[in-house]
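These protein sequences, in sequence, are chains A and B. Following my numbering, the numbering of the first sequence begins with 2 at its first residue and continues without gaps. Following my numbering, the numbering of the second sequence begins with 2 at its first residue and continues without gaps. Just so it is clear, CB atoms sit at the ideal spot from N, CA and C, and this is done for glycine as well. Remember, it's a predicted structure, so these values are computed and weren't measured experimentally.
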Amino acid sequence: SAVISQKPSRDICQRGTSLTIQCQVDSQVTMMFWYRQQPGQSLTLIATANQGSEATYESGFVIDKFPISRPNLTFSTLTVSNMSPEDSSIYLCSVGVRGSDGYTFGSGTRLTVV
Amino acid sequence: AQSVTQLDSQVPVFEEAPVELRCNYSSSVSVYLFWYVQYPNQGLQLLLKYLSGSTLVKGINGFEAEFNKSQTSFHLRKPSVHISDTAEYFCAVTYAGNNRKLIWGLGTSLAVNP
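Right under this line is the structure:
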């Protein structure tokens, strides 16, 4: 299965600033997803990162707040913009390969907004 | 809308006891089912998956799950747990036509006590 490097692993940020999270995969993958996991909660899908086109956002998430880039089949970034304390969460990158089985997750980025 | 229900939010057990973590899903169409484990302060790791074939699926760390189509269930079992199995366990499902997006349960916190 694919190996994902997600950076940074954690950060503490001031409100009103932005943080960009990187997801690097060791092989080409079809599907890349970004999730948010709030403290003590399950995972919530933010968006599907599409290579060469705009990301597909889930209900409640918008591009202005969570811009996503995916310039190729092995890399994606998620930016959390104009942060507030409510954005404090773990953000996870996940990948899947069409026709294969299972999804692989990055180790996550633990974000604290103060 | 499709949904996944993990019937127990917390499951306390003693070491070397058997455990079952329950998961039900709402879809009646072709489904693909997963169990993931999240150890404290870590990302998600795939325990096992059901895509097709045998309804009894064996995974890592001695876990197994049985797909029951008539009961729309995919319960996770282990005959003898260890302290190191203490973690959060998530059931997830995707199905044909869902663009491979995972639908997640809320998680079950397994606490193994000595």
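Name the chain B residues whose beta carbon is nearer than 7 Å to that of residue i?
i	result
MET33 (chain A)	The premise fails here: MET33 (chain A) is roughly 11 Å from chain B at the closest Cβ pair, so nothing lies under 7 Å.
Following the continuous beta strand (DSSP E) through residue i, name the residue where it begins and the one where it ends.
i	result
GLY97 (chain A)	90-97
LEU45 (chain B)	45-51
TYR96 (chain B)	88-96
VAL30 (chain A)	Counting along the chain, VAL30 (chain A) falls outside any beta strand (DSSP E), and DSSP gives it neither H nor E.
GLN52 (chain A)	From DSSP, GLN52 (chain A) is part of no beta strand (DSSP E); its letter is neither H nor E.
ILE13 (chain A)	11-14
PRO72 (chain A)	69-73
Comparing the C-beta of residue i with each C-beta of chain C, is any distance below 8 Å?
i	result
PHE35 (chain B)	Any reference to chain C falls outside this structure, whose protein chains are A and B.
If residue i and residue j are in contact, beta carbons under 8 Å, what's the gap, nearest whole angstrom?
i	j	result
GLY106 (chain B)	SER43 (chain A)	6 Å
Let me check understanding here. Comparing Cα to Cα, which of the options lies closest to residue i?
i	options	result
VAL113 (chain B)	B:ALA88, B:LEU49, B:LEU34	B:ALA88
GLN52 (chain A)	A:GLU59, A:ILE64, A:PHE76	A:PHE76
GLN11 (chain B)	B:TYR26, B:GLU21, B:TYR51	B:GLU21
PRO19 (chain B)	B:ASN25, B:LEU57, B:GLY63, B:ALA2	B:GLY63
ARG101 (chain B)	A:VAL81, A:THR31, A:THR45	A:THR31
Listing by chain order, which chain A residues have their CB less than 9 Å from the CB of residue i?
i	result
ARG101 (chain B)	THR31, MET32, PHE34, THR49, GLY97, ARG99, TYR104
GLN43 (chain B)	SER108, GLY109
LEU22 (chain B)	Those within 9 Å of LEU22 (chain B) in chain A number zero; the least Cβ separation is about 14 Å.
Name the chain A residues that come within less than 7 Å of residue i, Cβ to Cβ?
i	result
GLN3 (chain B)	Residues of chain A passing the Cβ test: none, with the nearest at roughly 13 Å.
LEU47 (chain B)	GLY103
Which chain B residues sit within Cβ distance under 9 Å of residue i?
i	result
SER54 (chain A)	Neighbours of SER54 (chain A) on chain B: none; closest Cβ ~14 Å, over 9 Å.
Okay, do the stretch 78-98 of chain A and the stretch 29-46 of chain A touch, 3+ Cβ pairs below 8 Å being the bar?
Touching, yes, given that three or more Cβ pairs across the two stretches are closer than 8 Å.
Is the number of C-beta pairs between the stretch 26-41 of chain B and the stretch 73-89 of chain B that are closer than 8 Å three or more?
A contact is defined here as three or more CB-CB pairs under 8 Å, and the stretch 26-41 of chain B meets this definition with respect to the stretch 73-89 of chain B.
Contact between the stretch 44-57 of chain B and the stretch 3-17 of chain B: three or more CB pairs below 8 Å?
Touching, no.
Can we say the stretch 25-36 of chain B touches the stretch 64-75 of chain B, given the rule of at least three CB pairs closer than 8 Å?
Yes, the stretch 25-36 of chain B is in contact with the stretch 64-75 of chain B.
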